[in-house]
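Novice: From first to last, the protein sequence lines stand for chains C and Z.
The first sequence lines up with residues 1198 to 1446 when you count with our numbering.
The second sequence lines up with residues 11 to 151 when you count with our numbering.
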Amino acid sequence: MNPFATRMHANNWIVPVSVLSMVLGFMVMTASITDKTRASRLGLLGAAQAGRVASGTLDLQNEFLKISEEVKSLRAENDRLQKAIGDRTQATKVLNEGIQQAKAFAGLTDLQGPGVKVTLTDSHRTPIGTIQGNDSIIHDVDVLRVTNELFASGAEAIDVNGHRVVSTTSFRCVGPVIHVDGVPVASPVIIRAIGDPAAMEGGLNLPLGVLAEIRQTDPAMVQIEQVKDMRIAAYGGSTERKFAKVPHS
Amino acid sequence: MIFLLPVVGLVLGALLAIALKVGPQGGWTGQYMAVACLAGLDTICGGIRSGLEGKYTNEVFISGFISNIVIAFFLAWLGDRIGIDLFLAVALVLGARIFTNLSLIRRYLLTKWQDAKERKRLQQLAAQAQAQAQMQADAAG
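(1) Which of the residues in the stretch 63-85 of chain Z, read from start to end, lie with their CB under 7 angstroms from any CB of chain C?
(2) Skipping 5 residues on each side, what residues in its chain have a beta carbon closer than 6 angstroms to that of C/D1332?
(3) What span of residues does the beta strand (DSSP E) with C/R1428 cover, start to end?
(4) What are the boundary residues of the beta strand (DSSP E) that C/R1438 is part of?
(5) Roughly how many angstroms lie between the CA atoms of C/T1344 and C/P1381, to the nearest whole one?
(6) Please list, in chain order, the chain C residues whose beta carbon lies closer than 8 angstroms to that of Z/V18.
(7) Secondary structure at Z/L96, three-state DSSP: helix, strand or coil?
(8) Tell me the DSSP secondary structure of C/K1314 in three-state form.
(9) Quick test of your reading: C/L1308 and C/A1301, contact by CB under 8 angstroms. State the CB separation rounded to the nearest angstrom.
(10) Go through its chain and collect everything with a Cβ distance to Z/V70's Cβ below 8 angstroms, but skip five positions before and after it.
(11) Check each residue of the stretch 1361-1378 of chain C: if its Cβ is closer than 7 angstroms to any Cβ of chain Z, include it; give the result in chain order.
(12) Can you name the start and end residues of the alpha helix (DSSP H) that C/D1337 belongs to?
(13) Taking only beta-carbon atoms, is C/G1434 less than 8 angstroms away from chain Z?
(14) Just the Cα atoms here: how many angstroms apart are Z/Y42 and Z/T67?
(15) Roughly how many angstroms lie between the CA atoms of Z/L57 and C/M1224, to the nearest whole one?
(16) Does the beta-carbon of Z/I94 have 16 or more other beta-carbons within 10 angstroms, so that it is buried, or is it exposed?
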């Protein structure tokens, strides 16, 4: 055999292999798992691998908890500083009182007082019939309607599983959990409200009221308790505004 | 350095995917694509190996690339339809083949390198012998 003939064609594989490895690179890119696609891929993986892949999100949750703790401590610090300045002269004292009033209204301070504690739990009863009862679990709408009813009957501060309800608070279902301001909350959902305990309990127990429908499914899903004295923590989320500005006229 | 061209191609493909805004796919598309990737990687390794061995033919390589991907895709899909993790079977077999191919490539390159070293040594010896013969011839003449 002529050695030169094979030599001439020795590298003929490089170009096709390179072209197809370009295709492979394209495919690897589409198959990779990122923050965006993690959620839709997790369910399709085995348990052990899903745990490894999900650890990215779990880290994020811990980070979130740490940061919201920090926000709380910084706000307390701010509070102390405002009070310290407020004590100096009469004018700053009046100013500080105004600030504290506004902050209490906005949910940026802890509040203390009598109130009610409403516990909403998923039903433990096996659903009647073959269809898995959709009524037997607590939905975002239930939480929303209860908080709305509580405010309507004079609640002055409300928290849901420790998350203070403020003017920008949102409730929504994401899969099997309820998100309060984007933070997942699962059954039992504990809603605490400061206000007139009797008035609020009466409002919740109105015939055909917000709780009647849930009680029809399973009375054990709702528990109302009057509390003599409780403390509701300040809002720990972001208060940043991106679009709204305070007009100066 | 022409041997680095496949690696360049790999990076270029990834960049192309970003440029065309075909980002990572979620759900089943992404999952099956992952299996197909494995098949593609196996075929690329096989192609490089046969190229180094001098047995490479275009038809075998390209048809192998396409059919391996299709088969891997199909097996993973079938496994999900009938509730058996055929996906794992694909991953196992292709993973083993990638290992074999890579080890063969490594051996081939090692042998080539050693051969080159040996050839250089022999050439040097030959040159020395020739120089000596020349000197002896000069001395005799």
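Think of the CB as a built atom: it goes at the ideal place given N, C-alpha and C, for glycine as much as any other residue.
Specialist: If we stick to the structure as given:
(1) Going along the stretch 63-85 of chain Z in chain order, one finds G64, Y66, N68, F71, I72, F75 with a Cβ nearer than 7 angstroms to chain C.
(2) Residue numbering aside, residue 1332 of chain C sits at position 135 when the first sequence is read from its first letter. Answer for C/D1332: T1414, listed in chain order.
(3) Indexing the first sequence from 1 puts residue 1428 of chain C at position 231. Where C/R1428 is concerned, the enclosing beta strand (DSSP E) stretches over 1419-1429.
(4) Reading the first sequence from its first residue, position 241 is the one you call residue 1438 of chain C. Note, C/R1438: premise wrong, no beta strand (DSSP E); not H, not E.
(5) As a working mapping, residue 1344 of chain C is identified with position 147 in the first sequence. As a working mapping, residue 1381 of chain C is identified with position 184 in the first sequence. Cα to Cα, the separation comes out at about 17 angstroms.
(6) Here the question's residue 18 of chain Z lines up with position 8 in the second sequence. By Cβ distance, chain C contributes S1215.
(7) Indexing the second sequence from 1 puts residue 96 of chain Z at position 86. When secondary structure is reduced to three states using DSSP, Z/L96 falls in the helix class.
(8) On the first sequence, position 117 is the one that residue 1314 of chain C refers to. Strand.
(9) Here residue 1308 of chain C is taken as the residue at index 111 of the first sequence, counted from 1. Here residue 1301 of chain C is taken as the residue at index 104 of the first sequence, counted from 1. Rounded, the Cβ-Cβ distance is 6 angstroms, consistent with contact.
(10) In the second sequence, the residue the question calls residue 70 of chain Z occupies position 60. Non-local beta-carbon contacts of Z/V70 in its own chain, meaning distances under 8 angstroms to residues more than five positions away in sequence, involve S60 in chain order.
(11) none
(12) In the first sequence, the residue the question calls residue 1337 of chain C occupies position 140. Taken as a continuous stretch (DSSP letters only), the alpha helix (DSSP H) holding C/D1337 covers 1337-1349.
(13) Residue numbering aside, residue 1434 of chain C sits at position 237 when the first sequence is read from its first letter. Output row for C/G1434: interface = no.
(14) Stepping through the second sequence from its first residue, residue 42 of chain Z is reached at position 32. Stepping through the second sequence from its first residue, residue 67 of chain Z is reached at position 57. Taking the straight line from one Cα to the other gives about 28 angstroms.
(15) Counting from one through the second sequence, the residue named residue 57 of chain Z turns up at place 47. Counting from one through the first sequence, the residue named residue 1224 of chain C turns up at place 27. Rather than Leu, the amino acid found at residue 57 of chain Z in this sequence is Gly. If I take the Cα positions, the gap works out to 18 angstroms.
(16) Against the second sequence, residue 94 of chain Z aligns to sequence position 84. Looking at its Cβ environment, which holds fewer than 16 other Cβ atoms inside 10 Å, Z/I94 is exposed.
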